[in-house]
Every structure is written in structure tokens, then in C-alpha cells.
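> Note that our numbering has the sequence shown beginning at 1331, numbered continuously upward.
Glycine is no exception: its CB is placed at the ideal position from the N, C-alpha and C atoms.
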Amino acid sequence: MTAWFAGERPPVDRDEFIAYTADQLQSYREARDLLLRSIELNPYFPDAYILLGNAYQEIDNDMSSMVRHYDQAIHLDPDNDEFRNARMSHYLSIGDLDRCKPMNTPASKRMPSHATHGQIGRRIERSFGVVDSK
């Protein structure tokens, strides 16, 4: 996905991805084990699920485990657009546009009905990194 942001074409097949040394793969596996332990200790920390999903994708190219962990992170923090974007980018990369549509819901539609327009505006500004000058 990084290649897309750099204006380059994305890798076409697995052989074009970064190749890791045995030591690097071992480090990834150790990190994955620590993330699994972290989730055992605190199953309510969504960032651990995103990182674990990334690890499964990087180490084993296990996309189903990646998406499963992304889904859990989104379940725990449904307003986190970074989590939604990570999952959406996976579906975009495999050309599954139908699964992207329901995930790309604007923050204003996910906001509770009792939220004011000011709250919605501030939330959208925060998600785009707009800082209030007041």
C-alpha cells in the first residue's frame, strides 16, 4: 500500500514484496507472540489487534487472520477511521470494491443522533488533522 502513496504501482505478486531475513522473520514472530500475550492480558485494546493483523500479513501472508483481527479492532473502536482505512485498503488491493463501500461511512453518519453539528465538525476536523486555532 505504501507504494500507492509514493505514486508508484503496487506490487503485482508476492515475489515483489520485501524479502525478510531469517532473523527479521524471527523478530516478527516474537513480536506476534508478544501481541498475542498482550491480548490475553487486555482483550479490549484495539491497537494490539491491528498490529497483530499486520504481523500475520507480513509474516505468513495470512489475509484472513489479518482481516479477522482488523474486524476485532473495529468492533472495539468503531469510530477509528485508521482501522477502517486499513481494512478498506486490503479490500481495495484485491479489487473487492463491494466490501469497501459499507466501511467507508463518513464520520457524521456514524455519530450518535444526539450529536450536535459542532461535535460532528470537530470530529471530522480531528480525523483530517485540522487544528482549531482558537
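What are the boundary residues of the alpha helix (DSSP H) that includes Gly1274?
What is shown of the chain runs 1331 to 1464, which leaves residue 1274 out entirely.
> For Ile1424, which of helix, strand or coil comes out of DSSP?
coil
> Assuming Leu1382 contacts Leu1366 under a Cβ cut-off of 8 Å, what Cβ separation, rounded to an integer in Å, is found between them?
7 Å
> Starting from Asp1363 and walking both ways along the alpha helix (DSSP H), at which residues does that stretch end?
1352 to 1371
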